[in-house]
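J.: Pasting in a structure now, in structure tokens, and then I'll have a few things to ask.
In the numbering used here, the protein residues as written are 2 to 177.
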């Protein structure tokens, strides 16, 4: 199940995740597919996951539903998100780690002004872009958002530096 495509317009679900961290539209769109093309939906986080912290989520797959897709908000952007599409868990042998790049939903111009970034306490004003999903260029520090929010390490541009690392480890199915 693909949640997004580079170069395509963001779905309502991705737009809401990217702009406000609101997963309800995505969950509503996918819920009717549970039991047919989707085995299950999980929404494990109810609060932000801060830099340097982690979360463990256990998912169950079967031969008819071997894929994992996920999407989440980049909290210090006005329309940034991260995620992956259709990771085939049946192809995995042992643990595998994926670097996840930040994505720009293309739904708002990339403003770093207080009024456009909820993380600065200034609200969530909209400045529609009507663009397409692309790799996010990061925080520039040219307005109210501090450059320290950028995920670039200085030598690698933000568009090539991961915002998250996802490790998938197969576990035995509990008996009983």
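C-beta atoms are modelled at their ideal positions from N, C-alpha and C, and glycine is treated no differently. Quick caveat, the model's predicted, so the values are computed rather than measured.
#1: Out of 10, 18, 171, 41, which one is the CA nearest neighbour of residue 78?
#2: According to the neighbour-count rule (16 or more other Cβ atoms, all chains shown, within 10 Å of its Cβ), is residue 82 buried or exposed?
#3: Going by Cα to Cα distance, which pick from 171, 16, 11 is closest to residue 94?
#4: List the whole-angstrom C-beta distance separating residue 67 from residue 31, where the pair is believed to meet the contact cut-off of C-beta under 8 Å.
#5: By Cβ distance below 7 Å, which residues in the same chain neighbour residue 6 in space, the five residues on each side in sequence not counted?
#6: When burial is assigned at 16 or more other CB atoms within 10 Å of the CB, is residue 108 buried or exposed?
#7: Count the other CB atoms within 10 Å of the CB of residue 164; is the residue buried (16 or more) or exposed (fewer)?
#8: For residue 36, which of helix, strand or coil comes out of DSSP?
#9: Going by C-alpha distance, which of 46, 51, 111, 167 is nearest residue 141?
T.: By the coordinates alone:
#1: The residue from 10, 18, 171, 41 with its alpha-carbon nearest to that of residue 78 is 18.
#2: So residue 82 ends up on the buried side.
#3: 171
#4: Wrong, their Cβ atoms sit about 17 Å apart, outside the cutoff.
#5: 134
#6: buried
#7: Counting Cβ neighbours within 10 Å, residue 164 comes out buried, since at least 16 surround it.
#8: Coil at residue 36, not helix or strand.
#9: That would be 111, whose Cα lies nearest to the Cα of residue 141.
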